[in-house]
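S.K.:
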Amino acid sequence: MMNYLGWQRGGALSAALMMTMGACQPLQIAQAQAQPPTEIRGCDAQTLLLPTHPDVAALRQLYERYLGTTPLETELGMSREKFAYSLQEFSLTHDPVSATKQFTRLSPTDTTLLKRLQQAYAGELARLRDQEADQRSESSLPYIRSQPNSGVPAPSPVSPTTQLPEEAFSQPHELKGTVIFAKPLPRVPSTSVAKPKAEPEFRDQDRLHLPGTFNTEDYQRIDENPFLQPQPHPLSTFSIDVDTASYSNVRRFLHQGQLPPKDAVRLEELINYFDYDYARPTGDQPFSVSTEVAAAPWNSKHKLVHIGLKGKELSQVQPSNLVFLIDVSGSMQSPNKLALVKKSLCLLVHQLKPEDRVSLVVYAGQAGVVLPPTPGTEKATIMAAIDRLEAGGSTAGGAGIKLAYDMAARYFRKDGNNRVILATDGDFNVGQSSDAELERLIEQKREQGIFLTVLGYGTDNYKDNKMELLADKGNGNYAYIDTLLEAQKVLVNDLRGTLFTIAKDVKIQVEFNPDKVQAYRLIGYENRLLRDQDFNDDRKDAGEIGAGHTVTALYEIIPAGITSDVQLPKVDPLKFQKPSTPTTTAQSQDLIHLKLRYKQPNGNTSQLISAFVPDQNRPLTAASDNLKFSSAVAMFGMMLRDSDYKGEATLAQVLDLTNQAKGKDPQGYRNAFLQLVQRSQALLQAQDPMPKPRANSRL
Numbered sequence: 178m179m180n181y182l183g184w185q186r187g188g189a190l191s192a193a194l195m196m197t198m199g200a201c202q203p204l205q206i207a208q209a210q211a212q213p214p215t216e217i218r219g220c221d222a223q224t225l226l227l228p229t230h231p232d233v234a235a236l237r238q239l240y241e242r243y244l245g246t247t248p249l250e251t252e253l254g255m256s257r258e259k260f261a262y263s264l265q266e267f268s269l270t271h272d273p274v275s276a277t278k279q280f281t282r283l284s285p286t287d288t289t290l291l292k293r294l295q296q297a298y299a300g301e302l303a304r305l306r307d308q309e310a311d312q313r314s315e316s317s318l319p320y321i322r323s324q325p326n327s328g329v330p331a332p333s334p335v336s337p338t339t340q341l342p343e344e345a346f347s348q349p350h351e352l353k354g355t356v357i358f359a360k361p362l363p364r365v366p367s368t369s370v371a372k373p374k375a376e377p378e379f380r381d382q383d384r385l386h387l388p389g390t391f392n393t394e395d396y397q398r399i400d401e402n403p404f405l406q407p408q409p410h411p412l413s414t415f416s417i418d419v420d421t422a423s424y425s426n427v428r429r430f431l432h433q434g435q436l437p438p439k440d441a442v443r444l445e446e447l448i449n450y451f452d453y454d455y456a457r458p459t460g461d462q463p464f465s466v467s468t469e470v471a472a473a474p475w476n477s478k479h480k481l482v483h484i485g486l487k488g489k490e491l492s493q494v495q496p497s498n499l500v501f502l503i504d505v506s507g508s509m510q511s512p513n514k515l516a517l518v519k520k521s522l523c524l525l526v527h528q529l530k531p532e533d534r535v536s537l538v539v540y541a542g543q544a545g546v547v548l549p550p551t552p553g554t555e556k557a558t559i560m561a562a563i564d565r566l567e568a569g570g571s572t573a574g575g576a577g578i579k580l581a582y583d584m585a586a587r588y589f590r591k592d593g594n595n596r597v598i599l600a601t602d603g604d605f606n607v608g609q610s611s612d613a614e615l616e617r618l619i620e621q622k623r624e625q626g627i628f629l630t631v632l633g634y635g636t637d638n639y640k641d642n643k644m645e646l647l648a649d650k651g652n653g654n655y656a657y658i659d660t661l662l663e664a665q666k667v668l669v670n671d672l673r674g675t676l677f678t679i680a681k682d683v684k685i686q687v688e689f690n691p692d693k694v695q696a697y698r699l700i701g702y703e704n705r706l707l708r709d710q711d712f713n714d715d716r717k718d719a720g721e722i723g724a725g726h727t728v729t730a731l732y733e734i735i736p737a738g739i740t741s742d743v744q745l746p747k748v749d750p751l752k753f754q755k756p757s758t759p760t761t762t763a764q765s766q767d768l769i770h771l772k773l774r775y776k777q778p779n780g781n782t783s784q785l786i787s788a789f790v791p792d793q794n795r796p797l798t799a800a801s802d803n804l805k806f807s808s809a810v811a812m813f814g815m816m817l818r819d820s821d822y823k824g825e826a827t828l829a830q831v832l833d834l835t836n837q838a839k840g841k842d843p844q845g846y847r848n849a850f851l852q853l854v855q856r857s858q859a860l861l862q863a864q865d866p867m868p869k870p871r872a873n874s875r876l
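In the numbering used here, each number is its position in the sequence shown, counted from 1, plus 177.
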């Protein structure tokens, strides 16, 4: 539940600045243990302070210690001016002359801290006082107080700001220039400081949304992969997945103090949110293949087969033809939607090369081009166009996608990367076209070399299922961005892997040795399963690997000859077929036969990679950090899903494995995962106070 908190002194902070997550602590993603990032350049090239900045952390602690809550909306990034505004408001509440409520004296240590902050931001505080003095001198004239560095100057009484109304989108393909939707001014928030609310008790039926709130978030149903026996089911075939949206979306729920919907927890996306230390590819092969076998942490009788792929790094970055497709409909008005979209894309713009080209298409009731193809050298022009966008109107996403693809095709780079980047909450209709027609359009364009990246934003009406489907059809990737730090990960740290594909239609097929395997289960990838015959069918679409990307898959194995607590079904003997006789290969010491198919980014014919993986009886303690950490993430995901196959999984095991396998962790993502697991402890204990028997597996 988003609460708007505000403080006023001659005006009010904007709603976007003051948004906070109720009683939740601020998200802390990507905090490296050594030197965590504390600043990011914003759209206007000014410095944005992040939650990891020591000054932000210090002021947040002062607010929480003396006022019980904080207005610092650090997740969208704070300029120095906005930080100074919050600093000024806190100072006023503890000024015996200006305080509007009962005065509370600061401790000597906190008094020293406040003075240090005031000195560090003396210039910004002085400018704020000058602005307020100017506004008071014009109090006889109507004016609107603008927020520091908001990018929206206060209109003067003589020359009011002009905006282009939504009706201007009458000719979708002919719109040019800057388009700004007119919208009403936000209501001035109350000057009182809200008391922190007691955290509600959550039950499993409350997972989809907080009690008492309206929620229309939509997720595709996930039926967990069961254990299968190798005699009737010798092959397991699936498409790889490099999406990461599920992890950041799950994190959002946990930081709101509730368990995520079970169908929002896609185990493969949780596992693949993190990079792994696999061997680099050699020769002409676009990716390397690593395998490992060890005991499963949640069931010591079972084994884990760990499969890892590592994409080749590009020696020379290709030029990009990017089309930003921005949802500016009314549903995007929330601060964690369009405001965050704009700042996210500006982070990407900072990474553009001179040979890159960027176009900007928006859609609401109609679609329009607001920025024609612009070279990467004109970053200020691109960022200004992004920064001026406002939300309003109904949504017709289909028209926008068609127009964006038209722009990408018109300026197609044969020697480069051609991609549409869609930023939306997914709550759009497709105008006169059906969903099926939209999917066919995206499939047609991917065959022409134009891929689709989908960036999801927001809460309450978030349409996860639709966005995941579009990204899959468009040979692209899908990420959920809940904070500016996540945008930094997706669009800066992982940019090359996000934009540059080194292998497409990557499929994996595993054959299991019945002499070694009693039953097996693929962990995750439920919506990526393929028919066995699809493996050799080059017409069948599959996943993509980007430059430097890692992809990880896990199989849980019940070894032959052991008694497992998983009750496998019994099948009556066949009357018309005789049981097959194991071949010489099946009687070998190999556990599985691993095969992969892939195509070059511009190719149409797949190539095959094949390897045998020998059986091993290694304890988990002897496993690599790659297997330990990926199994810890999988175990945590199974606990969130309350999986029938979670066995003896505990948070203590997850924490122990994570601590063992954090490794160097240069960006701090694994350390942040550790904090997330700790945060979820009370929620998971409330979910499952008593262990339940494991369900029977299916054929």
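For every residue, glycine included, the Cβ atom is placed at its ideal position computed from N, Cα and C. Computed from a predicted structure; not experimentally measured.
1. Taking L524 as the reference, which of I217, G738, F789 and L860 has the closest Cα?
2. When you compare only the Cα positions, how much space is there between A863 and P756?
3. May I ask which residues mark the beginning and end of the beta strand (DSSP E) holding L529?
4. Keeping to the same chain, check which residues put their C-beta closer than 8 Å to that of N654; ignore five residues upstream and five downstream.
5. At which residue ranges does the segment 781 to 813 contain complete alpha helix (DSSP H) runs of 4 or more residues, listed in the order of the chain?
6. Would you mind stating whether I448 and E703 have Cβ atoms separated by less than 7 Å?
7. Using the DSSP secondary-structure output, state which residues sit across from Y240 in a beta bridge.
8. Quick one: Cα of L707 to Cα of K480, how far?
9. Taking the straight line between their C-alpha atoms, what separation do you get for R304 and K259?
10. Can you give me the start and stop residues for the beta strand (DSSP E) that I734 sits inside?
11. Are the CB atoms of T729 and S807 nearer to each other than 7 Å?
12. Taking Q888 as the reference, which of E645, Y639, I484 and K650 has the closest Cα?
13. How would you write the range of the beta strand (DSSP E) that A297 sits in, first residue to last?
14. Could you tell me which residues DSSP pairs with V539 in its beta bridges?
15. In the DSSP assignment, what are the bridge partners of S680?
16. Check the C-beta distance from G701 over to N513 and give it rounded, since I have them as a contact under 8 Å.
17. Near Q710, what residues of its chain come up, given a Cβ to Cβ distance below 8 Å and the 5 sequence neighbours on each side ignored?
18. Can you look up I417 in the DSSP assignment and give me helix, strand or coil?
19. Taking the alpha carbon of N426 as the point to measure from, which residue in W475, H483, M644 and P458 has its own alpha carbon closest?
20. With a 10 Å radius around its C-beta and 16 neighbouring C-beta atoms as the bar for buried, classify D533 as buried or exposed.
21. Identify which residue in K752, K747, V743 and V790 has its Cα closest to the Cα of S765.
22. Please report how far the alpha carbon of Q754 lies from the alpha carbon of K439, in whole angstroms.
23. Rounded to a whole number of angstroms, what is the C-alpha to C-alpha distance between T468 and I769?
24. On the premise that K556 lies in contact with D602, defined as a C-beta separation below 8 Å, what is that separation, rounded to the nearest angstrom?
25. Do you know how far the Cα of E733 is from the Cα of F813?
26. Could you compute how far the alpha carbon of S857 sits from the alpha carbon of T827?
27. Between which two residues does the beta strand (DSSP E) carrying K556 extend?
28. Could you give the distance in angstroms between the alpha-carbon of R617 and the alpha-carbon of F605?
29. Please name the residue in E309, D307, A235 and R313 whose C-alpha comes closest to that of T288.
30. For S413 versus K684, is the C-beta spacing smaller than 7 Å?
31. So the alpha helix (DSSP H) T630 belongs to, where does it begin and stop?
32. CB P691 to CB Q408, shorter than 7 Å?
33. Could you check the C-alpha separation between L661 and S521 for me, to the nearest Å?
34. Would you list the residues sitting across from F689 in a DSSP beta bridge?
35. If you follow the alpha helix (DSSP H) that V667 is part of, which residue opens it and which one closes it?
36. Going along the chain, which residues of its own chain have a beta-carbon closer than 6 Å to the beta-carbon of R590, five neighbours each way excluded?
M.R.: Quick look at the numbers:
1. I217
2. 48 Å
3. Element bounds for L529: n/a, residue is neither H nor E.
4. V419, D420, T421, T630, V631, A648, T675, E721 and G723
5. none
6. no
7. According to DSSP, Y240 bridges with nothing at all.
8. 24 Å
9. 12 Å
10. T727 to P736
11. yes
12. In the structure as shown, the chain begins at 178 and stops at 876. Residue 888 is therefore absent and cannot be evaluated.
13. Taken as a continuous stretch (DSSP letters only), A297 belongs to no beta strand (DSSP E), being part of the alpha helix (DSSP H) at P285 to A297.
14. I503 and G545
15. According to the sequence provided, residue 680 is Ala. The question's Ser does not apply to it. Bridge partners of A680: I722.
16. No, G701 and N513 are not in contact; Cβ-Cβ is about 27 Å, not under 8 Å.
17. none
18. coil
19. M644
20. buried
21. V790
22. 41 Å
23. 11 Å
24. Not confirmed; about 27 Å, so no contact.
25. 15 Å
26. 12 Å
27. Note, K556: premise wrong, no beta strand (DSSP E); alpha helix (DSSP H) at K556 to D564.
28. 17 Å
29. A235
30. no
31. Per DSSP, T630 belongs to no alpha helix (DSSP H); it is in the beta strand (DSSP E), I627 to G633.
32. yes
33. 6 Å
34. I769
35. No alpha helix (DSSP H) holds V667; DSSP gives it neither H nor E.
36. P496 and N498
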